[in-house]
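Enquirer: Following this message is one structure expressed as C-alpha cells.
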Amino acid sequence: MLRKMKSTRLLPGLLVACLLVVMFPATAFAEYPYSTNYRTSYGTLVWTQAAYAPDQVLGRNIFVTDPENPEAKVLSPLQQPSDLFIDKEDQIYVADTGNNRIVIFDENGEFDRILPPLENKPLSGPKGLYVDENRNIFVADTGNSRVVKLGQQGELLQEYTLPDSRFIPDNYRFEPIKVAVDKRGFVYIVSLGSYNGLLQLDSDGGFVRFFAANKAPFSFLDSMKRMIYSKEMYEKQLSKLPPAIANVNIDKRGFIYTVSYGSELKSEQVKKLNNAGKDFLGKSSAPGGGNKKFGEYRFRSGTSSVNNLKDIAVDATGNFSVIDGESKMVSQYDAFGNLLFFWSGDASPNTTQLGIVKSPSAIEINSKNHIYILDDNANLIQSFRQTEFGEMVYTANNLTLDGKYKEAEPLWQQVLHYNAHYTPAMVGLAQSAFQKGDYEEAQRLYLAAGLQEGYSDSFWQLRLNWLQERFALIMNIIVVIVVLYLIFKFIKKRKPDLFKVKLQMKGDNKLKRLGEQLRHGLYLMRHPIDGFTAIRYENKGSYWSGIIILLLAFVSYALSRSGTSFVFNADLIKPFNLFNIFIQFFLLWTGFVICNYLVSSILRGEGRFKDVFIGSAYSLIPLIIIGLPLTLISNGMTLSEEAIYSFLNQGMFVWVALLIIWQVKSLQNYSVSETVVNLLYTIGTMIIIAVICFIVIGLGAELRNFIYSIIQEVSVR
1126 MLRKMKSTRL LPGLLVACLL VVMFPATAFA EYPYSTNYRT SYGTLVWTQA AYAPDQVLGR
1186 NIFVTDPENP EAKVLSPLQQ PSDLFIDKED QIYVADTGNN RIVIFDENGE FDRILPPLEN
1246 KPLSGPKGLY VDENRNIFVA DTGNSRVVKL GQQGELLQEY TLPDSRFIPD NYRFEPIKVA
1306 VDKRGFVYIV SLGSYNGLLQ LDSDGGFVRF FAANKAPFSF LDSMKRMIYS KEMYEKQLSK
1366 LPPAIANVNI DKRGFIYTVS YGSELKSEQV KKLNNAGKDF LGKSSAPGGG NKKFGEYRFR
1426 SGTSSVNNLK DIAVDATGNF SVIDGESKMV SQYDAFGNLL FFWSGDASPN TTQLGIVKSP
1486 SAIEINSKNH IYILDDNANL IQSFRQTEFG EMVYTANNLT LDGKYKEAEP LWQQVLHYNA
1546 HYTPAMVGLA QSAFQKGDYE EAQRLYLAAG LQEGYSDSFW QLRLNWLQER FALIMNIIVV
1606 IVVLYLIFKF IKKRKPDLFK VKLQMKGDNK LKRLGEQLRH GLYLMRHPID GFTAIRYENK
1666 GSYWSGIIIL LLAFVSYALS RSGTSFVFNA DLIKPFNLFN IFIQFFLLWT GFVICNYLVS
1726 SILRGEGRFK DVFIGSAYSL IPLIIIGLPL TLISNGMTLS EEAIYSFLNQ GMFVWVALLI
1786 IWQVKSLQNY SVSETVVNLL YTIGTMIIIA VICFIVIGLG AELRNFIYSI IQEVSVR
C-alpha cells in the first residue's frame, strides 16, 4: 500500500518532466562556454539556443618519424598555423606556417600525413592554401613570393610567380598570403597589404587583371577639402587608399567571396562576386537601408568597435560564416547575406577550453555542416557540430530560399515555439502566409519582423482585394457625387441668391481679432514676404495666435511620428515616447527663436522678440496643412508610391525652411546676403549653447556625485 502511494505521488512529477523534455529540446538547456545571439533589423540583441556545439579538438596527435631513429615516432605539433581547407572528400588541410609544411587530416579528424618537402625550394612560411576539384593543392608560399601547385603526394606541378605585365604597377609588392582557384583554372591571389584587389592569373600563370578591389573611403570632410584646398595643398594630404582584401574563397557555384578589413570600412566587409565582379549580397533590408554590414558584435567597446574579419567559409547551399580575429565572433549568414546566428565566448590567455578559440586564423565547413576553426595561438583546430535547433533553422531557411514555403512552415513554427523572438522564423512564416494568400497574417508577421518591403507587398494585395470587392460601390458613389454637383451648379445658376449665406461674427472683439490673425496664416502661405511684413507692421499676429499655431504644428508632427504607415516609418514598431518628442520639438524651436533674436539684435535687425516668436510659429504652418493629410494618406500607400510620399514629405520641410528665410528677411528688414549671414550665426549660436548645456549638465552630475560621496563618507565616520 505504501509503495502504491509513493508511486502515485511520483507520477505527476514524471509527467511534468516528460512534458518539459517534449516542449524544450536538449539544446535549449545545454551549457556551452559561449552565448549565441541574433540581431534584429533595429539592432535589438536576441539570445537564442545554440546553433553549434563544441565537438572535438584536432592537431594534438601529430607524430612524425624521428630523424635520429627511423623506427620511432616523435610529437610534432602545429606551429602558428595560418590557413585551413576542407576538400570534397572532407579531408582537412592545414598550412602549418611555423613548420613550413602542409599537414593533412582525414575526414574523421585523425592525422593522416604531411606532404614531403619540395626538393629544389622547400616551402617558406606558407600562409594560405586551396584544393581544387581535381584535389590539386595550391599553396601561397609567402616566404618564397610564389604560389605552388602540388599533387596529392606533394609533387610540384606548377609554380606561379609575379608575371611580367605593363598593367602591374612598378611598386606592386607580390607577397601571396591567400589563394583560391575557380573551375576555369584561374588563380586568385591575395597579396599582403595590396589595395589593388585580387591578382587574377590564368591557368598558365599569365596576368589577367586585378579583381574585386575595394573603393577608397571618401567622407564629407574630404569633399570639403577638395572644394576649399588648392591642387597643391590637396596633393600634400595623405592619400586615401582602398582597404586591402584579407582573404578569398570560392564556392561550388563559382561565386568568389572576399573578406576585407579596414578601420574606415563601414560596410561591404564581405562581397559575393560573379566572374564579372558584380556583388550579389546587395542592399540591407534594415531600416535606413544602405550596403550590408558583416561581422556581428554583442556590445561595442574598445577595440571591438572595428571588425577584423579573418576568413570566410561557405557550405554546399551557399550559407557562409565569417570569423572576427578581434572579438573571436563567428557570424553566420544565408546565401543572400541575411543574418542567422552569431556567437563567441570569453577566452582566457592561460587556459584552453573546448569551444573557446583564443586566436582564430581560419574557418572551414565540411559536407556535414561541421565548422572547423583554426587557432594559431593554441596551435589546434576546434570542430563544432550543428545542434538540433541549428539544423532546424538551416533546413527551414534553405527550404524557404528554394521557394518551398509549405515544407518550411512547420519547421519555422517549431523554431518560433522554441524562441518567440527569432526574426528569421517570423519572416519564413510571413512568406508562407503570403504564398497561401493570407495577406493579413503575412502583414502582421512582417510588421513583427520589422521588414517594410514585405509589409508593403502584403498591404498592396489587401488594398487590391478591397478595391476589387468594392469597385462597383465606389463607382456608384462617384457617379452620385458628380450628378449632385451638376444639379447644384444648375440650381445655383438659375437662383444665385439661394445659396448665399450671410455670416455675422458674434461675440468678443478679441475672438474676432484672433480669428482674423489665424486666417492670416493662409494668406501668408500664398504671399510670404507680404504676410510677414504685415505681422511686423500691421499687427496681423499675436502671441495667442502664434501659440495656437505652434501647438497645432506640434500635434501634427507628433501624429506623423506615431501615425505614419510602417511602410514609410520604420520607427513605428518601437515604443512611442510623446514626452521625448515634445522636448525635442520645443527645445529646437525655442532655441531658434532665442538665438535668432539675439543675433538679429547684434546685427541691427528691426524685428522685436514678439515678431520673431510669432513669425517662427507661423513658419510651421506647412506642418499642419501638409503633415496631417500626408499622415492619413500614408496609411493607404505602399512602397510603389514612395516617390509621391517622399516628394510631399520633403517638400513640406523645404517649405518650412523657405518660410523661415523669408520671415528673417522681412521681419528684420535684411537683404538676401544679410539674411544668410544671420541664419548661419543663428545655427552656430544654437550649437554653442547646446554644447555649453551638455557640459553644464555633465559637470552638474559629477558635482552631485562628488557631494553625495562626501556625505556618505562623513556619515560612515
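Counting from 1126, one number per residue, gives the positions in the sequence shown under this note's numbering. Each residue gets a CB set at the ideal place from its N, CA and C atoms; glycine is no exception.
T1850: which of F1424, C1818, N1694 and G1462 sits nearest, CA to CA?
Expert: The structure shown does not extend to residue 1850, since the chain is modelled only from 1126 to 1842, so the question has no answer here.
Enquirer: Kindly indicate which residue of F1693, G1462 and G1322 has the alpha-carbon position closest to the one of G1575.
Expert: Position 450 of the sequence shown, counting from 1, holds the residue named residue 1575. Nearest C-alpha to G1575: F1693.
Enquirer: Hey, could you find the ends of the alpha helix (DSSP H) D1736 is sitting in?
Expert: Walking along the sequence shown from the start, residue 1736 turns up at place 611. It spans F1734 to Y1743 - the alpha helix (DSSP H) in which D1736 sits, taken as one unbroken run.
Enquirer: Tell me which residue opens and which closes the beta strand (DSSP E) that G1253 is part of.
Expert: On the sequence shown, position 128 is the one that residue 1253 refers to. Note, G1253: beta strand (DSSP E), G1253 to V1256.
Enquirer: Measuring alpha carbon to alpha carbon, tell me which residue in E1641, F1679 and L1684 is nearest E1663.
Expert: Your numbering for residue 1663 matches position 538 in the sequence shown. Residue E1641 is the option with its Cα nearest to E1663.
Enquirer: On the three-pair Cβ rule with 8 angstroms, is the region 1228 to 1244 touching the region 1510 to 1527?
Expert: These segments do not touch.
Enquirer: Could you pull the start and end residues of the alpha helix (DSSP H) that Q1709 belongs to?
Expert: Taking the first residue of the sequence shown as position 1, residue 1709 is located at position 584. Per DSSP, Q1709 belongs to the alpha helix (DSSP H) from L1703 to I1727.
Enquirer: Looking at the structure shown, is G1138 part of a helix, part of a strand, or coil, going by DSSP?
Expert: Translated into positions along the sequence shown, residue 1138 becomes position 13. Low local confidence applies: a pLDDT of 47 at G1138 is under 50, so the model's placement there is unreliable, with the coordinate-based value given in what follows. Helix.
Enquirer: What's the C-alpha gap between L1240 and Q1278?
Expert: By 1-based counting over the sequence shown, the position of residue 1240 is 115. By 1-based counting over the sequence shown, the position of residue 1278 is 153. Going by the C-alpha atoms only, they are around 6 angstroms apart.
Enquirer: Do Y1547 and V1171 come within 8 angstroms of each other at the CB atom, strictly closer than that value?
Expert: By one-based count along the sequence shown, residue 1171 stands at place 46. By one-based count along the sequence shown, residue 1547 stands at place 422. Yes.
Enquirer: Name the two residues that bound the continuous beta strand (DSSP E) containing E1156.
Expert: In the sequence shown, the residue the question calls residue 1156 occupies position 31. Element bounds for E1156: n/a, residue is neither H nor E.
Enquirer: With a threshold of 6 angstroms on Cβ separation, who are the neighbours of L1203 within its own chain once the five nearest residues in sequence on each side are excluded?
Expert: Indexing the sequence shown from 1 puts residue 1203 at position 78. Hits under 6 angstroms: G1184, D1221 and N1504.
Enquirer: Quick one: is Q1593 buried, meaning 16 or more other Cβ sit within 10 Å of its Cβ, or exposed?
Expert: The count along the sequence shown starts at 1 and reaches residue 1593 at position 468. When all chains shown are included, Q1593 counts as exposed.
Enquirer: Per DSSP, what kind of secondary structure is Q1507 in: helix, strand or coil?
Expert: By one-based count along the sequence shown, residue 1507 stands at place 382. Strand, per DSSP.
Enquirer: Take every Cβ of the region 1675 to 1685, pair it with every Cβ of the region 1704 to 1712, and state whether three or more of those distances are shorter than 8 angstroms.
Expert: Taking 8 angstroms as the limit for Cβ pairs, the verdict is that the region 1704 to 1712 does touch the region 1675 to 1685.
Enquirer: What did DSSP end up calling R1298 once you bin it into helix, strand or coil?
Expert: Against the sequence shown, residue 1298 aligns to sequence position 173. In the structure shown, R1298 sits in coil (DSSP, three-state: anything other than H, G, I, E or B).
Enquirer: Please classify A1815 as buried or exposed, where buried requires at least 16 other C-beta atoms within 10 Å of its C-beta.
Expert: Numbered from 1 along the sequence shown, position 690 holds the residue referred to as residue 1815. Flag for A1815 reads exposed.
Enquirer: Once the 5 residues before and after L1465 are set aside, which same chain residues still bring their CB inside 8 angstroms of it?
Expert: For the purposes of this step, residue 1465 is taken as the residue at position 340 of the sequence shown. Here the set comprises Y1163, A1176, N1444, Q1457, Y1458, D1459, V1518, Y1519, N1522 and P1549.
Enquirer: So for E1489, helix, strand or coil by DSSP?
Expert: Along the sequence shown, one-based indexing puts residue 1489 at 364. The answer is strand: DSSP assigns E1489 an E or B state.
Enquirer: Following the continuous alpha helix (DSSP H) through K1274, name the residue where it begins and the one where it ends.
Expert: Within the sequence shown, the letter at position 149 stands for residue 1274. Premise fails: K1274 lies in the beta strand (DSSP E), R1271 to L1275, not in any alpha helix (DSSP H).
Enquirer: Within 10 Å of its beta-carbon, does W1591 have 16 or more other beta-carbons around it, so buried, or fewer, so exposed?
Expert: On the sequence shown, residue 1591 is found 466 positions in, with the first residue counted as 1. That one is exposed.
Enquirer: What first and last residue would you give for the alpha helix (DSSP H) that runs through S1796?
Expert: Reading the sequence shown from its first residue, position 671 is the one you call residue 1796. That residue, S1796, is in no alpha helix (DSSP H); it is neither H nor E in DSSP.
Enquirer: Count the other C-beta atoms from every protein chain shown that fall within 10 angstroms of the C-beta of D1327, then say buried if there are 16 or more, exposed otherwise.
Expert: To locate residue 1327, count along the sequence shown from 1; it is residue 202. That one is exposed.
Enquirer: Cβ of N1432 within 8 angstroms of Cβ of D1404?
Expert: Numbered from its first residue, the sequence shown carries residue 1432 at position 307. Numbered from its first residue, the sequence shown carries residue 1404 at position 279. No, the pair does not count as a contact, with Cβ atoms beyond the cut-off.
Enquirer: According to DSSP, is L1209 part of a helix, a strand, or is it coil?
Expert: Position 84 of the sequence shown, counted from the first residue, corresponds to residue 1209. L1209: strand per DSSP, three-state reduction.
Enquirer: So, are the CB atoms of E1258 and K1213 less than 8 angstroms apart?
Expert: Within the sequence shown, residue 1258 is the residue found at index 133, counting from 1. Within the sequence shown, residue 1213 is the residue found at index 88, counting from 1. Closer than 8 angstroms, so yes.
Enquirer: Can you round the beta-carbon distance between V1070 and A1265 to whole angstroms, since I take them to be within the 8 angstroms contact cut?
Expert: Any answer about residue 1070 is impossible in this case: the structure gives the chain only from 1126 up to 1842.
Enquirer: Output the residue ranges of the beta strand (DSSP E) runs that lie fully inside the region 1587 to 1644 and measure 3 residues or longer, sorted by chain position.
Expert: Complete beta strand (DSSP E) runs here, min 3: none at all.
Enquirer: Distance, Cα to Cα, N1601 vs I1612?
Expert: Stepping through the sequence shown from its first residue, residue 1601 is reached at position 476. Stepping through the sequence shown from its first residue, residue 1612 is reached at position 487. So the two alpha carbons sit approximately 16 angstroms from each other.
Enquirer: Assuming T1267 contacts P1242 (C-beta within less than 8 angstroms), just tell me the rounded distance between them.
Expert: Residue mapping note: residue 1267 aligns to position 142 of the sequence shown, counting from 1. Residue mapping note: residue 1242 aligns to position 117 of the sequence shown, counting from 1. Actually they are not in contact, since the Cβ atoms of T1267 and P1242 sit about 16 angstroms apart, beyond 8 angstroms.
Enquirer: Take every Cβ of the region 1294 to 1313, pair it with every Cβ of the region 1368 to 1380, and state whether three or more of those distances are shorter than 8 angstroms.
Expert: Taking 8 angstroms as the limit for Cβ pairs, the verdict is that the region 1368 to 1380 does touch the region 1294 to 1313.
Enquirer: Where does the unbroken alpha helix (DSSP H) through Y1422 begin, and where does it stop?
Expert: Within the sequence shown, the letter at position 297 stands for residue 1422. Where Y1422 is concerned, there is no enclosing alpha helix (DSSP H), given that its DSSP letter is neither H nor E.
Enquirer: Would you call G1776 buried or exposed, if buried means 16 or more other Cβ atoms sit within 10 Å of its Cβ?
Expert: Within the sequence shown, numbered from 1, the residue matching residue 1776 stands at position 651. Exposed, since its Cβ has fewer than 16 Cβ neighbours within 10 Å.
Enquirer: Would you kindly check if the distance between the Cβ of I1786 and the Cβ of L1804 is under 8 angstroms?
Expert: In the sequence shown, counting from the first residue as 1, residue 1804 sits at position 679. In the sequence shown, counting from the first residue as 1, residue 1786 sits at position 661. Yes, these two residues count as a Cβ contact at 8 angstroms.
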